[in-house]
Amino acid sequence: MPLHRRQRCDPGQAAGSAVSPTSNQTRSLRVLSMGRRECPSGGVPKEELFSALLVGDNELGHILQQVDEISHTLKSDAPESQKLSNALQLTVSCAVRQTLLERELRSLALTDDLTGLYNRRGFLASATQQLKLAFRNTQELVLFFCDVDNLKKINDSYGHGEGDQSLVRIADALEQTFRDSDILARLGGDEFAVLALEASSQDQEVILDRLETNLEKSSASESRYELSLSVGVGQFDPRRPISVRELMAQADQAMYEQKGKRTRFLGKQT
Numbered sequence: 002m003p004l005h006r007r008q009r010c011d012p013g014q015a016a017g018s019a020v021s022p023t024s025n026q027t028r029s030l031r032v033l034s035m036g037r038r039e040c041p042s043g044g045v046p047k048e049e050l051f052s053a054l055l056v057g058d059n060e061l062g063h064i065l066q067q068v069d070e071i072s073h074t075l076k077s078d079a080p081e082s083q084k085l086s087n088a089l090q091l092t093v094s095c096a097v098r099q100t101l102l103e104r105e106l107r108s109l110a111l112t113d114d115l116t117g118l119y120n121r122r123g124f125l126a127s128a129t130q131q132l133k134l135a136f137r138n139t140q141e142l143v144l145f146f147c148d149v150d151n152l153k154k155i156n157d158s159y160g161h162g163e164g165d166q167s168l169v170r171i172a173d174a175l176e177q178t179f180r181d182s183d184i185l186a187r188l189g190g191d192e193f194a195v196l197a198l199e200a201s202s203q204d205q206e207v208i209l210d211r212l213e214t215n216l217e218k219s220s221a222s223e224s225r226y227e228l229s230l231s232v233g234v235g236q237f238d239p240r241r242p243i244s245v246r247e248l249m250a251q252a253d254q255a256m257y258e259q260k261g262k263r264t265r266f267l268g269k270q271t
């Protein structure tokens, strides 16, 4: 099972930061990093640059297309026109390369390396924006706070590599359970959180049942242990708004109460 995973959410749109590069944008980064060695004029080969960016990023691709049209207009037999056209393409390609690299660096600060989900910072930034929207739109939201019950036992018995794989399986189960629009995060260690954007208090039991089913499916290929989660639920009421941290504390407290009662564990206990 690969450890690097698809990015579910768009950090740039949710948190006012740069987006995580898609596979096409990664290709754009590779193309933009070619440099002078690949192009006698000192820029990136135009065909490669456009094919990468028009697919990888619509906005940047549109800009590059306009630049191409301007460059084509400028080109003539006159040496000065050709120099101006080449300089224009080089300047824009360098600017685009810098933009994509900055996006990649910002996305790395918001995502968890192991699972590809948001990390704590990314979750707080994105969830804060969603709570503001929910307040303005008088919309309920539900936060699920999850704790892996047996991670220490897995690490002690089978090694930290297997413990990492179990975290990836749990992330898989969460992705299968929730919508693409929901905000999923590994907060650190054995803690996960999900802010469900299109759910209300009436939906939580159905969601928990679905998560339990997906956990069992994720565990089916591993006979040595079963994945198990304790889950607490917090509800955002737009009539009585609270912060993301307060909502997380509410769900965290509910999770520990469930542990104390030994109820609502998801998955089989090892």
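In this text, residue positions in the sequence shown follow this note's numbering: the first is 2, and each later residue adds one.
For every residue, glycine included, the Cβ atom is placed at its ideal position computed from N, Cα and C.
Spatial neighbours of residue i in its chain, beta-carbon cut-off 6 angstroms, leaving aside the 5 residues before and after
i: P41; result: Reliability of the predicted coordinates at P41 is poor, the pLDDT of 41 falling under 50, and no value is obtained from them.
Close Cβ partners of residue i (< 8 angstroms) along its chain, the five nearest in sequence each way excluded
i: Q254; result: G233
i: R240; result: T139
i: R180; result: A197, L198, E199
The ligand MN heavy atom lying under 8 angstroms from the CB of residue i
i: Q166; result: Ligands displayed in this structure: none; no statement on the ligand MN is therefore possible.
Contact check, residue i vs residue j, beta carbons under 9 angstroms
i: V149; j: T116; result: no
i: Y226; j: Y119; result: no
i: S201; j: L132; result: no
i: G164; j: R121; result: no
i: Q205; j: F146; result: no
i: G235; j: Q259; result: no
i: A186; j: F124; result: yes
i: A126; j: L142; result: no
i: K154; j: D191; result: no
Residue i - partner residues in DSSP beta bridges
i: F237; result: L142
i: T92; result: Looking at the DSSP assignment, T92 forms no beta bridge with any residue, so it has no partner.
i: T112; result: Y119
Per-residue burial, residue i [other beta carbons within 10 Å of its own, 16 or more giving buried]
i: T178; result: buried
i: N138; result: exposed
i: V207; result: exposed
i: A135; result: buried
i: L247; result: Reading the sequence as shown, one finds Glu at residue 247 and not Leu. When all chains shown are included, E247 counts as exposed.
i: D114; result: exposed
i: S231; result: buried
Neighbourhood of residue i by C-beta, 7 angstroms cutoff - its chain only, sequence neighbours within 5 removed
i: S228; result: According to the sequence shown, residue 228 is Leu rather than Ser. So the qualifying residues of the chain are S167, R170, I171, L216, S219, S220, G268.
i: K128; result: Reading off the sequence, residue 128 comes out as Ala, not Lys. Within the same chain, A128 has close Cβ partners I184, L196, V245.
i: S182; result: L198, E199
i: E223; result: none
Only counting runs of 3 or more residues, tell me where the beta strand (DSSP E) segments fall wholly within the region 172-223, in order along the chain. List check, beta strand (DSSP E) in window: 184-189, 192-197.
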